[in-house]
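Enquirer: Below are the structure tokens for one structure; questions will follow.
Protein chains in written order, with this note's numbering: chain X, 2 to 358; chain P, 2 to 358.
As structure tokens, then:
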């Protein structure tokens, strides 16, 4: 190893994750069968795909909106639901692009400290009593950036608060199916389908380039969101929806996810081992799935200067401050994506990082 | 004919417009060659396509942003350039969805009366002197909804005003290449590349389902817009960009456009003849290309009640009011899309319409 750049910046899958041959066959078959629909305008997306997704969530296609990425669907939700000055809660830390979307909306952004089993409930209850939010954005499974999973107990309390104080929970679940060990925890949507808007995508389980995201929620919200989306761009890109539908319809998705787990599990193990071995002084999370481990560096560390020094050593890091609604709280925080690196590259990266501390 | 619904609502191509076989071959070849890129995240879109588009406009790829529809790129522009309360000018009438995007931004929307050779220049100059807009949205070729083309003289005056008063002209040109007779008029972009943001798409010349739009403009604006787009959705859908790139790269687009002209030209002729024959009392436009003819009905007509009565006769119309910033001005206005109807259907539709008047 030694030489070469090690990139710990973003959660990007490796290119060998993409089932290229199957996807080519699927797009060909889909276009041959249904070009009149797939090459034409649509509104809420490709109906067979919405029906297939609906079955996974035990709802009809009227409760499913597909779009060109779940991030964009989140922006649609924010534009629809949140008015300037209204409160929006996020886990602290949270997905940097979701924070950006909420900031852009003019919402009053409130971060609720995230612990290893979900947000701190006392802090959440205090904030809710001070002023209920319009929505709370939660990545309950293998959170981006921390890697932690919200416990069932905390999920129940979250949705109970949402029901009591009438706010929306936006449950973003792109990593949910990438569990490498342990047991699934029920989605918040399954606990309170009338209070939870569930977002997910095919980016992490199939291909990010297809930008295929979806929202599952109460029919009236999905209808409102669909109207807004029609005004915004008429309809989403369809040939790729046909391709992904055909792929799912053939039952290939589960096998692909199993294949990805075989690639990613050893990488997560390598990351955790390397952190134990080389950075015992940092506080790390111990995720059971997803793309990310995170570490809180020892007191006195400063990620901004660290990031600059790391770059000189061929180690690319994301400044942890971008994940916090209050950036100063991220001054010792690092997110470490492991999925696109080999175990050897991961160990080398952690060795370089440890050398810098 | 006689029975059956005749749909004069929206500008949707007929399904026989889509070159299905070629597109299937192109997506297969593109994915085989470049799956590592096309199935992965990107930012400004697929570089080979941006380069190909740049060549058409004699600019580099840094002046081209691709996205999931030109309508969405227009929304990106509006979000970037227009602050609430600022003035935005549109032709009156104009594309209803562009009007919606500008309204959503909180702009003060001003309609400049559109004549058969472009906007009324006196009205435009008066409005500019009253308060220059941040941008003016113009469909200079085969305008939606009127069908008219802005003359070279008026294009020159428009860009001269934009230069003098420092506002942007957004030139939306999706129909430009569908000219059935007469001569091309230079784009406004070619007259003032530093003051014009040019939008176009593949919806009308290839397939709307691919939702592939693009913006061409000064490098600094494209860079700013790209950053905003990355925050909004990371990057556009790519496999379809690979498909369309391959199609263009093989030199198939010109032939497809010629084929479309053979389909659409007789339909426009049929529409103009039917209007001459059956509705001589209405004032019609005489487009030389595009998707739409429009008519101003005789004094005393009312499109809202007409639309309801027409529906009972199996004739679907769009209420003309939606195309006007001041909806009341559209009370006698009808847009008549002809591209997806056969000449016989067009004549039947105009006969039904004439019968209602």
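Note that the Cβ used here is the ideal one computed from N, Cα and C, for glycine as well.
Who are residue 173(P)'s beta bridge partners in DSSP?
Expert: The sequence position of residue 173(P) within the second chain is 172, counting from 1. Paired residue(s): 200(P).
Enquirer: Listed from N- to C-terminal order along the chain, which residues in the region 24 to 42 of chain P have their beta-carbon within a distance smaller than 8 Å of any beta-carbon of chain X?
Expert: Cβ contacts with chain X: 24, 25, 28, 29, 32, 33, 36, 37, 38, 39, 40, 41 and 42.
Enquirer: Assuming residue 179(X) and residue 262(X) are in contact, meaning their beta carbons sit under 8 Å apart, how far apart are those beta carbons, in whole angstroms?
Expert: On the first chain, position 178 is the one that residue 179(X) refers to. On the first chain, position 261 is the one that residue 262(X) refers to. About 7 Å separates the two Cβ atoms, so the contact holds.
Enquirer: Which first and last residues belong to the alpha helix (DSSP H) in which residue 25(X) is found?
Expert: Along the first chain, read from residue 1 onward, the residue named residue 25(X) stands at position 24. Element bounds for residue 25(X): 21 to 39.
Enquirer: In angstroms, rounded to a whole number, what distance separates the CA positions of residue 302(X) and residue 349(X)?
Expert: Counted from its first residue, the first chain places residue 302(X) at position 301. Counted from its first residue, the first chain places residue 349(X) at position 348. Straight-line Cα distance between these residues: approximately 21 Å.
Enquirer: What would DSSP say about residue 166(P), mapped onto helix, strand or coil?
Expert: Taking the second chain and counting its residues from 1, one reaches residue 166(P) at position 165. Helix at residue 166(P).
Enquirer: With a CB to CB cut of under 6 Å and the five nearest residues on each side skipped, what residues in its chain are close to residue 195(X)?
Expert: The count along the first chain starts at 1 and reaches residue 195(X) at position 194. If we look at residue 195(X) and ignore the five residues flanking it on each side, its Cβ neighbours are 219.
Enquirer: Under the assumption that residue 65(P) contacts residue 54(P) (Cβ atoms under 8 Å), give the Cβ distance between them as a whole number of angstroms.
Expert: Taking the second chain and counting its residues from 1, the one referred to as residue 65(P) is at position 64. Taking the second chain and counting its residues from 1, the one referred to as residue 54(P) is at position 53. Going by Cβ atoms, the distance from residue 65(P) to residue 54(P) rounds to 5 Å, so yes, they are a contact pair.
Enquirer: Quick check: is the beta carbon of residue 2(P) nearer than 8 Å to any beta carbon in chain X?
Expert: Looking up residue 2(P) in the second chain gives position 1. Reliability fails at residue 2(P), whose pLDDT of 48 lies under 50, so the model's placement of it is uncertain and the value that follows must be treated cautiously. Not an interface residue.
Enquirer: Can you name the start and end residues of the alpha helix (DSSP H) that residue 79(P) belongs to?
Expert: Here the question's residue 79(P) lines up with position 78 in the second chain. First-last of the alpha helix (DSSP H) with residue 79(P): 71 to 82.
Enquirer: Which term fits residue 12(X), buried or exposed, when burial requires 16 or more other beta carbons within 10 angstroms of its beta carbon?
Expert: The residue you call residue 12(X) lines up with position 11 of the first chain. Its Cβ being crowded by 16 or more others within 10 Å, residue 12(X) is buried.
Enquirer: Within the same chain, show all residues whose beta-carbon is closer than 8 Å to that of residue 1(X), passing over the 5 residues directly before and after it, in chain order.
Expert: Outside the shown range of chain X (2 to 358) lies residue 1(X), about which nothing can therefore be said.
Enquirer: Using a C-beta cutoff of 8 Å, does residue 292(X) count as contacting chain P?
Expert: Here residue 292(X) refers to the residue found at position 291 when the first chain is read from its first residue. Chain P, which has no Cβ nearer than 8 Å to the Cβ of residue 292(X), makes this no.
Enquirer: For residue 286(P) versus residue 148(P), is the C-beta distance shorter than 8 Å?
Expert: Counting from 1 along the second chain, the entry for residue 286(P) is found at position 285. Counting from 1 along the second chain, the entry for residue 148(P) is found at position 147. Cβ atoms of residue 286(P) and residue 148(P): closer than 8 Å.
Enquirer: Which same chain residues end up closer than 8 Å to residue 2(P) when comparing Cβ atoms and leaving out the 5 residues on each side of it in sequence?
Expert: The residue labelled residue 2(P) in the question sits at position 1 within the second chain. The predicted position of residue 2(P) is uncertain, since its pLDDT is 48 and thus under 50; a value taken from the coordinates is nonetheless stated next. These residues qualify, in order along the chain: 345, 346, 348 and 349.
Enquirer: From residue 31(X) to residue 48(X), what does the alpha carbon distance come to, in whole angstroms?
Expert: Here the question's residue 31(X) lines up with position 30 in the first chain. Here the question's residue 48(X) lines up with position 47 in the first chain. The alpha-carbon atoms of residue 31(X) and residue 48(X) are separated by roughly 13 Å.
Enquirer: Between which two residues does the alpha helix (DSSP H) harbouring residue 223(X) extend?
Expert: Translated into the one-based positions of the first chain, residue 223(X) becomes position 222. Its alpha helix (DSSP H) spans residues 220 to 234.
Enquirer: Give me whichever residues DSSP pairs with residue 68(P) in a beta bridge.
Expert: Numbered from 1 along the second chain, position 67 holds the residue referred to as residue 68(P). Residue 68(P) is bridged to 214(P).
Enquirer: Going by DSSP, which residues form a beta bridge with residue 285(X)?
Expert: Here residue 285(X) is taken as the residue at index 284 of the first chain, counted from 1. The partner list for residue 285(X) (beta bridge, DSSP) reads 296(X).
Enquirer: Where does the unbroken alpha helix (DSSP H) through residue 246(P) begin, and where does it stop?
Expert: Position 245 of the second chain, counted from the start, is the residue given in the question as residue 246(P). Start and end: 240 to 250.
Enquirer: Take every Cβ of the region 271 to 279 of chain X, pair it with every Cβ of the region 318 to 325 of chain X, and state whether three or more of those distances are shorter than 8 Å.
Expert: The region 271 to 279 of chain X vs the region 318 to 325 of chain X: no contact.
Enquirer: Does the contact criterion of 3 or more C-beta pairs under 8 Å hold for the region 11 to 29 of chain P versus the region 226 to 234 of chain X?
Expert: No contact exists between the region 11 to 29 of chain P and the region 226 to 234 of chain X.
Enquirer: Quick one: which chain P residues come within Cβ less than 7 Å of residue 19(X)?
Expert: Taking the first chain and counting its residues from 1, one reaches residue 19(X) at position 18. By Cβ distance, chain P contributes 36 and 40.
Enquirer: Does chain P have any CB closer than 8 Å to the CB of residue 234(X)?
Expert: Counted from its first residue, the first chain places residue 234(X) at position 233. For residue 234(X), the answer is yes, since a Cβ of chain P falls inside 8 Å of its Cβ.
Enquirer: So does the region 155 to 162 of chain X actually touch the region 109 to 122 of chain X, counting three or more Cβ pairs closer than 8 Å?
Expert: As far as the Cβ criterion goes, the region 155 to 162 of chain X touches the region 109 to 122 of chain X, which means the pair count is three or higher.
Enquirer: If you drop the 5 nearest sequence neighbours on each side, which residues of the same chain put their C-beta closer than 6 Å to that of residue 206(P)?
Expert: Taking the second chain and counting its residues from 1, the one referred to as residue 206(P) is at position 205. Hits under 6 Å: 178 and 258.
Enquirer: Can you tell me where the alpha helix (DSSP H) holding residue 58(X) begins and where it ends?
Expert: Residue 58(X) sits at position 57 when you count from the first residue of the first chain. 48 to 58 is the span of the alpha helix (DSSP H), which, as asked, contains residue 58(X).
Enquirer: Short check: CB of residue 129(X) to CB of residue 159(X), under 8 Å?
Expert: Residue 129(X) sits at position 128 when you count from the first residue of the first chain. Residue 159(X) sits at position 158 when you count from the first residue of the first chain. No, they are not a contact pair.
Enquirer: Which of the residues in the region 52 to 75 of chain P, read from start to end, lie with their CB under 8 Å from any CB of chain X?
Expert: Correct list: 69, 70, 72 and 73.
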